[in-house]
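Below is one structure; the comments refer to it alone.
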Amino acid sequence: MVTIREKIEEIERRSLSPFASLSSQSKGRQRPQKDDEIRTCFMRDRDRIIHSKTFRRLKHKTQVFFSPEGDHYRTRLTHTLEVAQISRTVAKALFLNEDLTEAIALGHDLGHTPFGHAGEMALSPVMVQETGRPFHHNEQSLRVVDFLEREGEGLNLTLEVRDGILHHTGDGAPITLEGKVVRICDRVAYINHDIDDALRAGILKPQDLPQKELKILGHEHGERINTLVRNLIFSSEGQSNIEMDPEVEASVNRMRDFLFETVYLDSYAKAEEKKLGKMLADLFYHFLTHPEELPPEYLPREGELAAVGVCDYIAGMTDRYALSVYNDLFLPKSWQIK
Numbered sequence: 001m002v003t004i005r006e007k008i009e010e011i012e013r014r015s016l017s018p019f020a021s022l023s024s025q026s027k028g029r030q031r032p033q034k035d036d037e038i039r040t041c042f043m044r045d046r047d048r049i050i051h052s053k054t055f056r057r058l059k060h061k062t063q064v065f066f067s068p069e070g071d072h073y074r075t076r077l078t079h080t081l082e083v084a085q086i087s088r089t090v091a092k093a094l095f096l097n098e099d100l101t102e103a104i105a106l107g108h109d110l111g112h113t114p115f116g117h118a119g120e121m122a123l124s125p126v127m128v129q130e131t132g133r134p135f136h137h138n139e140q141s142l143r144v145v146d147f148l149e150r151e152g153e154g155l156n157l158t159l160e161v162r163d164g165i166l167h168h169t170g171d172g173a174p175i176t177l178e179g180k181v182v183r184i185c186d187r188v189a190y191i192n193h194d195i196d197d198a199l200r201a202g203i204l205k206p207q208d209l210p211q212k213e214l215k216i217l218g219h220e221h222g223e224r225i226n227t228l229v230r231n232l233i234f235s236s237e238g239q240s241n242i243e244m245d246p247e248v249e250a251s252v253n254r255m256r257d258f259l260f261e262t263v264y265l266d267s268y269a270k271a272e273e274k275k276l277g278k279m280l281a282d283l284f285y286h287f288l289t290h291p292e293e294l295p296p297e298y299l300p301r302e303g304e305l306a307a308v309g310v311c312d313y314i315a316g317m318t319d320r321y322a323l324s325v326y327n328d329l330f331l332p333k334s335w336q337i338k
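Anchor point for the sequence shown: position 106 equals 106 in the UniProt record's numbering, and the numbering is continuous, going up by one each time.
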């Protein structure tokens, strides 16, 4: 009897682009597992990610603005959902595998630290000092799905999803077009929603934005998203690669540089980063010298340095949990914030 999964796999073979990744041709999991009767392997990966504890914690992790006053600023979770939505639109239009695309998008930032990139910049130098390797959130995201979820068993995801998570940023390109879609759509999402949030916060005014880039990309948030998605689709249609038109891509890169100069690295919204960085460094060295206080699942594995488990614990914290732990460890009882 033909299963529902096999019917879905047959539909993929008949309807998807010749450049798409077919579920039936996945390179498999780290540990062999019996196929599901209903869901394809990529559908199962998506479900495992979205039901994970790490995914749920993203709602309390900073995207750009630490502890913003207002309910409408992006968090790491809403960023992830925006990336998934944009990526699925592109994948559907290009007849790529939507389930694989969504799984990669939902898992790409699982390894992000509390306090956004401030946390990453705080953990990286201490990890270099203790292990000789910097901290990178994409590598930590892969570590989450491989080792840390399910009390150390990991989610046992397919190679295609794991590769897309690892290569959504940094060196190296994803091996699938679906992974390449997420890599570009991550940038499309954060550039545009960070402009939106910076305007809402009053850090930028509309007239501050680079007018040349607005002329190319659009003056409104939705217009810019539409421009980039359409350009990405029409430039990649029928191709064995995912890319934008060179002029539009150059404009996106210039807009990203502008945001680094005015928002990410030099704004009052980032003024607390040094304090937050010191706080995470203090937590790191506290648990490094008091490993008995670590939850058991973060004790070092065989052959691993103790600093790796400490980093796992701190990187997995939400903003408010990191503040709570610091409060308990370092502030006198009479000073503690309740």
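All C-beta atoms, glycine included, are put in the ideal place defined by N, C-alpha and C. Only a predicted model underlies this, so the values are computations on that prediction, with no experimental measurement involved.
- Linking T113 to G316 through their CA atoms gives a straight-line distance of about 6 Å.
- Beta-bridge partners of R320 (DSSP): none assigned.
- Within the same chain, T54, L110 and G111 come within 7 Å of V144 by CB-CB distance, once the 5 residues on both sides are set aside.
- Approximately 6 Å separates the beta-carbon atoms of L166 and N138; this is inside 8 Å, confirming the contact.
- Restricting attention to beta strand (DSSP E) runs no shorter than 3 residues, the UniProt domain "HD" (76–191) encloses none.
- Taking a contact to require three or more Cβ pairs closer than 8 Å, the stretch 286–301 and the stretch 81–95 do not qualify as touching.
- The criterion of a C-beta distance shorter than 8 Å is satisfied by D163 and P174.
- When secondary structure is reduced to three states using DSSP, R29 falls in the strand class.
- Our two residues, Q85 and M244, have alpha carbons roughly 18 Å apart in a direct line.
- With contacts defined as CB atoms closer than 8 Å, P206 and L199 qualify as a contacting pair.
- Membership of N241 in any alpha helix (DSSP H) is not indicated, and neither H nor E is assigned to it by DSSP.
- In its chain, beyond the 5 residues on either side, G309, D312 and Y313 have a beta carbon closer than 6 Å to the beta carbon of Y298.
- Taking each of F147, L331 and H117 in turn and checking the Cα distance to V263, the smallest one comes out for H117.
- With contacts defined as CB atoms closer than 8 Å, R5 and R39 qualify as a contacting pair.
- As summarised for the stretch 266–306, the continuous alpha helix (DSSP H) elements at least 4 residues long and confined to that stretch are 273–289, given in chain order.
- Bounds of the alpha helix (DSSP H) holding F55 are K53 to R57.
- For F234, the uninterrupted alpha helix (DSSP H) run begins and ends at H221 to S236, by DSSP.
- Look at T3 here: in three-state DSSP terms it is coil, with no helix or strand label.
- Per the C-alpha coordinates, the member of N327, S324, L280 and A306 positioned closest to P125 is L280.
- Take N192, set aside five residues on each side of it, and the residues of its chain with a beta-carbon closer than 7 Å to its own are H221, R224 and I225, in chain order.
- Under the three-state reduction of DSSP output, T40 falls in the coil class, being neither helix nor strand.
- The alpha carbon of L22 has as its nearest neighbour, out of F234, F95 and A189, the alpha carbon of F95.
- Bridge partners of T262 according to DSSP: none are assigned.
- The C-beta separation of D45 from V161 comes to about 5 Å, placing the pair in contact by the 8 Å criterion.
- With a contact defined as Cβ atoms closer than 8 Å, A103 and I49 qualify at about 6 Å.
- Proximity to F135 across F284, T289, A322 and H290 peaks at F284, based on C-alpha coordinates.
- For N156, the closest of K275, K27 and R301 by C-alpha to C-alpha distance is K27.
- Just so you know, the alpha carbons of L323 and F287 end up roughly 15 Å apart.
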